[in-house]
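Numbering-wise (this note's numbering), the sequence shown opens with residue 2 and increments by one.
Heads up, the beta-carbon is just placed ideally off N, CA and C, and yes, glycines get one too.
Only one structure is covered here, and it is reproduced in the block below.
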Amino acid sequence: MKLTSFKGMAAGLVLSAIGVAASAFTAGTSPATPGSTIHWTDNAVGGKESEAHVASHNYAKSLSSAFRGASEKVMPSVVTIQSTGTQSQGSDSDQQGQLPEELRDNPLFKRFFENVPEGHFDSPGSQQRIGMGSGVIVDASGIILTNNHVVNGADKLLIKLHDGREFTATEWKTDPKSDIAVVKINSPTSLPVASIGNSDKIDIGDWVLAVGAPFGLDETVTAGIISAKSRGIGITAREEFLQTDAAINPGNSGGPLVNLDGEVVGINTAISSTSGGYQGIGFAVPVNLARWVGDELMAHGTVQRAFLGVGIQSIDDTLSKQFGLNTVKGAVVTDVRPGSPAAKAGLQSGDVVLEFDGMAISRPGDLQGRVERASLNEAHKVVVIREGKTMTVDVRVEAMPTNVSVEEPAKTETPAQTGFNGLGLQLTDLTSDVAKQLGMENVTGLVITGVRAGSPADNAGLEDGMVISKVGQTGVKSLADFSAAMNDVSLKDGVLLLVRVGEASRFVVIRN
C-alpha cells in the first residue's frame, strides 16, 4: 500500500465521521445551546459490577503495575548504541529488500531503518556504514553488555544514555561464537546498573519485557512470554537461546530481556521473520551465558573455554530404542579424541551422557555449554549410560585447543568389493594407505566403496568414503567382523552403525 493511498483512506474516514455527525443533527437531535455545560463524571461506576468483573479488573491492573515497575527499574540502565564503520564498495549489507514492498520507498520508514544494523540503506558506492542497536549497563564504572553483531566492524561507537548524555566508547571486546560483546565508556559519575537475574530459573510461560530501540525508537518496551528454551537456530557457534513472543525488531539487538522483577534474563539477539520485522518469534542469549562471556572478555580480552574432547550426537526416538533407553534426552558420544580429558577419564564411544556436574543434559548443546564453562583442572562428575548400565565418571577438563575444527576429507579411490551386502553397501578393509588418504590415521573399520541406489543404506544417507567403525556396540576391523556382527541384528529392528567422515563420527540406524 503506497503512502498516497493511505492518505486517501484517512481522508475518507474523516469524511465518513462528518457524515455520521450530520445525519445525527438531521434526525432531530438538538445541538447544545450557547452557555450550556458538560457535566463530567469522574470514577463513575455506572451500575453495580459483578465480583468476577472486579476480580479480573484488579488482576489486569496488578499485571499492568508489574509491567510498569519492571520497566521503571531497568530503563535507566538501557542505552542506545550507534556504530559507525566502513564497508567496501558494493558490499552486500543492504537488506532493504526485507521490507514490505509498499514501504520500501516510504521516507518515514527509511528514516527509522537507516541507523539499524540489521537493515542498512547505504548507496551502492557508499563507504560509510551506520548502525544502531541497544545495550544494558552492567557495571557502574561504565561496562555495557550488548551483541557482537551490533559493534562488529565498527570504527566508532556512540553511546546514548537514558538521561540523554552521550559518550564515545573507549574500547569494546567481542565473542562471535556467542554473539556477545562488552563496551566500555568513561563516565565522571557512577552509572545506573541493571539487576541480573538467573536465566536457568526462568520457565516457559513466564512474562518478560524486551527493552531497546527498535527502528531507532529509543526506550521502547514490549511484553510477551518465554515460549521456549535452549533453542538452536543456526546463527552462532554457541546457541542456547531463550525464545519469546515479546516484540523484537531491528534495533532491539543487544538490549535486555527482563522478568517482572526488572531483572535481566537475556540479551535480545535475533528474530525469525520472512519480512525482516516482528512475527512473533524472537531470541535472546540467556544472561547466565552472556554474563560468563562478559566476565571472560573483561578478564582476558577473549573467552577461554574448557574442552572435553568428544564428538557428540543428539538422541532421537530411533537411537533411543537402539541404545535401550527409556528417554530421548541426552547426548551420545560418537568418538573420543586420543589424549583428551575424555580419553583420560575412560569415556567411550556409545556412552550416553545424561548429567554433567549435576545438571541434566537434554541435548548436545547442553553438554557443550556446561563443559565450556566448567572450571579447569577440577574433577567434574559425568553420569552416563553404557550398554544399559548407569555409571558416573570423573573428568578433569582442560583449556580448549586453538583448533578443534572438523575437516571433511577429499574423496579418494579405494579398491571395491564385488557385490552389495544386505544393507546395500560395498565394503573393503581400511588399509593404512587408504586411512591416510581419508585423513583417518589410527582409525579402524571398513570403508564404504559403493551404495546401491534405493537401498536401506542409501535411504539412511550413507556415502562412498565413509568408514564404519561399529555395528551396534561391536567394533569391526574386517569384513569377517562385520559379517559376524550382522548375525546379531536385523533390518526389521534396525541396524545401528557408527560411521566416520574425517574427524567426525555419528550413529546411523538402517532399517527396511
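Minimum C-alpha distance to E220 - residue among D352, Q323, V80 and G425: Stepping through the sequence shown from its first residue, residue 220 is reached at position 219. When the alpha-carbon of E220 is set against those of D352, Q323, V80 and G425, the nearest one is in V80.
Residue nearest to S188 in terms of C-alpha spacing, selected from T169, I205, I197 and G198: Indexing the sequence shown from 1 puts residue 188 at position 187. Closest by alpha carbon: T169.
Cut-off 6 Å between Cβ atoms - residues of its own chain near K478, not counting five sequence neighbours on either side: On the sequence shown, position 477 is the one that residue 478 refers to. Hits under 6 Å: T445.
Rounded C-alpha distance that separates L146 from G440: Locating residue 146 in the sequence shown gives position 145, counting from the first residue. Locating residue 440 in the sequence shown gives position 439, counting from the first residue. Approximately 42 Å, taken between the alpha carbons.
Cβ contact check for the region 52 to 60 and the region 242 to 258: 3 or more pairs under 8 Å: Between the region 52 to 60 and the region 242 to 258 there are fewer than three inter-stretch CB-CB distances shorter than 8 Å, so the stretches are not counted as touching.
For V244, the residue or residues it bridges with in DSSP: Within the sequence shown, residue 244 is the residue found at index 243, counting from 1. Here the sequence assigns Gln to residue 244, which means Val is not the residue at that position. DSSP, once it has assigned bridges, lists A229 and F284 as partnering Q244.
Closest Cα partner of V137 within the set S363, I131, K161 and R501: Here residue 137 refers to the residue found at position 136 when the sequence shown is read from its first residue. Closest by alpha carbon: K161.
Exposure label - D262; buried when at least 16 CB within 10 Å: To locate residue 262, count along the sequence shown from 1; it is residue 261. Label assigned to D262: exposed.
Whole-angstrom distance between V396 and P410, CA atom to CA atom: Counted from its first residue, the sequence shown places residue 410 at position 409. Counted from its first residue, the sequence shown places residue 396 at position 395. Confidence at P410 is low in this model, with a pLDDT of 43, below 50, so the placement of that residue should be treated as unreliable; the coordinate-derived value is given next. Answer to the nearest angstrom: the Cα atoms are 31 Å apart.
Backbone CA spacing between R130 and T85 [nearest angstrom]: Stepping through the sequence shown from its first residue, residue 130 is reached at position 129. Stepping through the sequence shown from its first residue, residue 85 is reached at position 84. When rounded, the separation of the alpha-carbon atoms in R130 and T85 is 6 Å.
Beta strand (DSSP E) segments (min. 3 residues) lying fully within the region 439 to 486: With a minimum length of 3 residues, the unbroken runs of beta strand (DSSP E) contained wholly in the region 439 to 486 fall at 447 to 452 and 468 to 472.
Nearest-angstrom Cβ-Cβ length linking V385 and D352, presumed shorter than 8 Å: Taking the first residue of the sequence shown as 1, we reach residue 385 at position 384. Taking the first residue of the sequence shown as 1, we reach residue 352 at position 351. V385 to D352, Cβ: 4 Å. Contact.
Host alpha helix (DSSP H) of D67 (start-end): The count along the sequence shown starts at 1 and reaches residue 67 at position 66. The sequence given here places Ala at residue 67; Asp does not occur at that position. E52 to V75 is the span of the alpha helix (DSSP H), which, as asked, contains A67.
Sequence-distant residues of the same chain with beta carbon closer than 7 Å to M360, five excluded per side: The residue given as residue 360 occupies position 359 in the sequence shown. In chain order, R371 place their CB closer than 7 Å to the CB of M360, counting only its own chain and leaving out the 5 sequence neighbours on each side.
Alpha-carbon spacing of V490 relative to L258, whole angstroms: Numbered from its first residue, the sequence shown carries residue 490 at position 489. Numbered from its first residue, the sequence shown carries residue 258 at position 257. Looking at the two C-alpha atoms, the distance is approximately 51 Å.
K345, enclosing alpha helix (DSSP H) - first and last residue: In the sequence shown, counting from the first residue as 1, residue 345 sits at position 344. Looking at the DSSP string, the run of the alpha helix (DSSP H) that includes K345 is P342 to A346.
Cut-off 6 Å between Cβ atoms - residues of its own chain near A238, not counting five sequence neighbours on either side: Looking up residue 238 in the sequence shown gives position 237. Closer than 6 Å at Cβ, skipping near neighbours: K178.
Per-residue burial, G132 [other beta carbons within 10 Å of its own, 16 or more giving buried]: Here residue 132 corresponds to residue number 131 of the sequence shown, with the count starting at 1. With 16 or more Cβ atoms within 10 Å of its Cβ, G132 is classed as buried.
Test item: CB-CB of V472 and L431 under 8 Å: Locating residue 472 in the sequence shown gives position 471, where the first residue counts as 1. Locating residue 431 in the sequence shown gives position 430, where the first residue counts as 1. Result no, Cβ atoms of V472 and L431 do not sit closer than 8 Å.
Cβ-based burial, I347 [other Cβ within 10 Å; buried from 16]: On the sequence shown, position 346 is the one that residue 347 refers to. Ile is not the amino acid found at residue 347; the sequence shown has Gly there. With fewer than 16 other Cβ atoms within 10 Å, it is exposed.
For G503, three-class secondary structure by DSSP: Within the sequence shown, residue 503 is the residue found at index 502, counting from 1. In the three-state reduction of the DSSP assignment, G503 falls in the coil class, being assigned neither a helical nor a strand state.
Coil, strand or helix - E379 by DSSP: In the sequence shown, the residue the question calls residue 379 occupies position 378. E379 falls in the coil class under three-state DSSP.
Same chain, Cβ closer than 7 Å to R292, five either side skipped, listed in chain order: On the sequence shown, position 291 is the one that residue 292 refers to. Here R292 has I197 as same chain residues with Cβ atoms under 7 Å from its own Cβ, once five neighbours each way along the sequence are excluded.
Supposed close pair I511, L424 - CB separation, criterion 8 Å: The residue labelled residue 511 in the question sits at position 510 within the sequence shown. The residue labelled residue 424 in the question sits at position 423 within the sequence shown. Contact flag correct, Cβ pair sits at about 6 Å.
Cβ pair A195, N148 closer than 8 Å: By one-based count along the sequence shown, residue 195 stands at place 194. By one-based count along the sequence shown, residue 148 stands at place 147. Contact: no.
Length of the line joining the Cα atoms of M401 and D176: Your numbering for residue 401 matches position 400 in the sequence shown. Your numbering for residue 176 matches position 175 in the sequence shown. When rounded, the distance between both Cα atoms is 15 Å.
One or two residues paired with I197 in a DSSP bridge: The residue given as residue 197 occupies position 196 in the sequence shown. In DSSP, I197 forms a bridge with V265.
For Q427, the residue or residues it bridges with in DSSP: Residue mapping note: residue 427 aligns to position 426 of the sequence shown, counting from 1. The partner list for Q427 (beta bridge, DSSP) reads G451.
Backbone secondary structure at N289 - three-state DSSP: Within the sequence shown, residue 289 is the residue found at index 288, counting from 1. DSSP places N289 in helix when its eight states are reduced to three.
Span of the beta strand (DSSP E), counted from its first residue to its last, around S315: Mapped onto the sequence shown, residue 315 falls at position 314. First-last of the beta strand (DSSP E) with S315: V311 to S315.
Proximity of V139 and I82 at Cβ, strictly below 8 Å: What you label residue 139 is simply residue 138 of the sequence shown in a count that begins at 1. What you label residue 82 is simply residue 81 of the sequence shown in a count that begins at 1. Cβ atoms of V139 and I82: not closer than 8 Å.
Close Cβ partners of S254 (< 8 Å) along its chain, the five nearest in sequence each way excluded: Here residue 254 corresponds to residue number 253 of the sequence shown, with the count starting at 1. Answer for S254: P118, E119, G134, S135, T147, N148, H150, V151, G213, N269, T270 and A271, listed in chain order.
Local conformation of R371 per DSSP, three classes: Stepping through the sequence shown from its first residue, residue 371 is reached at position 370. Three-state result, R371: helix.
Helix, strand or coil at N149 [DSSP, three-state]: In the sequence shown, the residue the question calls residue 149 occupies position 148. Secondary structure of N149 (DSSP, three-state): helix.
Sequence-distant residues of the same chain with beta carbon closer than 7 Å to N513, five excluded per side: Along the sequence shown, one-based indexing puts residue 513 at 512. Answer for N513: P457, L492 and K493, listed in chain order.
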